[in-house]
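Numbering (full-length UniProt numbering), first residue to last: 1 to 547. The C-beta atom is built at its ideal place from N, Cα and C for all residues, glycine as well. The next block holds one structure in the form of structure tokens; read it before the comments.
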């Protein structure tokens, strides 16, 4: 398994890449460019400023801003001094923000004042009653009892906000004098691979978000390991708009390029026209995003006039010609595993029977397919719950006891279902709770039906759930999102599926829907419970109309 030769900690990584790659571009975002030397210098300056403000090893520090140069500087400043970074979802509403700040035990928050229509300062005040009466560096509110500092880039107009200028926090009561480069070096020497580096929250699509606690060693090793699985090379230019507060943007974006002196190009929010411009302008060689984003790019009016010939690898197949699309398996990842835990090079030829799998275990990880009720391993080829253990597995879930999270022998129950072949390649069949048990006694896997729907002409995205018919029975139902310029007919879609699926798998009802009408989490995951309610209501309406 390829691991970096440096000590796997953020401060060691920063010193190494700053010395080795120097003036090479590390990050291009929002019209600003950050070199590797700049990253090391600026994060050191902000790190020293945080130390002067009393932030130290083990303190939890939230980062509330979109993908940007400031986000990267904040992340590396916090983690190089041994503090624990907590990326905050920028789409969080005040209630969700209040929950995160309190649950994460934040000591400080590093934030932008606003972005677009998002007023982060007003949102913080609504989330934390009494904040508007506080003073900078002396915050004490009951809704977040450990919070003392909110540092804000720009010119904040709140007396509780500590301004950040030139990568340094403004003066505040309680500053610790005498923190210089020598002191920073001493602090960094105390950071070990076993120390916590981040608490990364899941999207919360099945309940309250879970805070996965990762160590320096796991994050540095796994991000390095994955660059060899997916072939990131020196000189590459990687484009992604996946948010840094999610492991996709953080591990396979921000932390993928640093190991090889490559360049990351990003945008604060996905904008297809701007994405196409950035990919062309910076001659991106790798593009990462969700497959539906690739379809959105391919259907944009600017797609035909942009030169995307530089792209050699992508996770968005629709944006490149067939001869440059992945030819092999998909992958499977999750926040708790610091990214992908199953996968192989998607551009390496594989036998046909492996192409519908999510690959084998990433080196250093071990998987088990278990009966979700008994915990016993299931026979080869039989579907069960995917369990995993190994070096990139989180240390724990924040505020959860270990016995509640891991099995006695160290496995984590992922909640994903799959079946393994004799060689250990796993086929993903859906989430444990997503399996549709119909009123007629049959079991239907949503992923299979969704895949078939997306093969039909004009279907951009499809989502399948179990809905309740007017008699209370569970039936297969779907929402289909048309591609740009396409019109879909539900009856025609059902007819198209008849040649692809068994009759019991064909949705009883298909809703041709605008994507804006469907329920998604802030990280782009469909909220299946809410979709099921929507489709159940439509079934009731349909039954009433038929009377």
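CB-CB length for residue i against residue j, believed under 8 Å
i	j	result
residue 236	residue 280	That pair is no contact at about 16 Å.
residue 97	residue 124	7 Å
residue 74	residue 88	Not quite, the Cβ-Cβ distance comes to about 11 Å (not below 8 Å), so this is no contact.
residue 462	residue 490	That belief does not hold up - the Cβ atoms of residue 462 and residue 490 are roughly 12 Å apart, past 8 Å.
residue 570	residue 199	Residue 570 is absent from the structure shown; the chain starts at 1 and stops at 547.
residue 216	residue 193	5 Å
residue 497	residue 537	That pair is no contact at about 23 Å.
residue 288	residue 238	7 Å
Other residues of its chain near residue i: CB distance less than 6 Å, five sequence neighbours each side excluded
i	result
residue 34	26, 27 and 69
residue 610	Nothing about residue 610 can be read from this structure; the chain reaches only from 1 to 547.
residue 153	70, 112 and 164
residue 470	540 and 543
residue 155	none
residue 255	223
residue 418	386, 426, 427, 428 and 429
residue 459	453 and 480
Three-state secondary structure assigned by DSSP to residue i
i	result
residue 99	helix
residue 57	coil
residue 530	helix
residue 41	helix
residue 319	helix
residue 48	helix
residue 224	helix
residue 112	strand
residue 387	strand
residue 381	coil
residue 348	coil
residue 412	strand
residue 308	coil
residue 367	strand
residue 85	strand
residue 251	helix
residue 285	coil
residue 107	strand
residue 405	coil
residue 279	helix
residue 427	strand
residue 23	coil
residue 417	strand
residue 294	helix
residue 18	helix
residue 341	strand
residue 400	coil
Burial state of residue i, where buried means 16 or more other Cβ atoms lie within 10 Å
i	result
residue 515	exposed
residue 85	buried
residue 433	exposed
residue 526	buried
residue 505	buried
residue 503	exposed
residue 305	exposed
residue 321	exposed
residue 443	exposed
residue 145	exposed
residue 32	exposed
residue 190	exposed
residue 60	buried
residue 450	buried
residue 356	exposed
residue 53	buried
residue 466	buried
residue 374	exposed
residue 331	buried
Sequence-distant residues of its chain with Cβ nearer than 8 Å to residue i (five each side left out)
i	result
residue 297	272, 275, 276, 303, 316, 318 and 319
residue 367	341, 342, 361, 386, 387, 388, 420, 424 and 426
residue 399	103 and 211
residue 520	526 and 527
residue 409	389
residue 57	81, 82, 83, 187, 190, 191 and 195
residue 509	467, 475, 477, 478, 490, 535, 538, 539 and 542
Close-in-space but distant-in-sequence residues of the same chain around residue i (CB under 7 Å, 5 per side omitted)
i	result
residue 372	384, 385 and 432
residue 377	368, 369 and 370
heavy atom of the ligand MG below 7 Å from residue i C-beta
i	result
residue 412	As far as ligands go, the structure on display features none, and thus does not contain the ligand MG.
Sequence ranges, beta strand (DSSP E) only - wholly within the UniProt domain "AMP-binding enzyme C-terminal" (448 to 525), length at least 3: 459 to 468, 474 to 482 and 509 to 512
In the region 117 to 167, which residue ranges form an unbroken alpha helix (DSSP H) of at least 4 residues, counting only runs that do not cross its ends? 120 to 127
What are the uninterrupted segments assigned as beta strand (DSSP E) that are 3 or more residues long and contained completely in the region 178 to 213, given in chain order? 196 to 201
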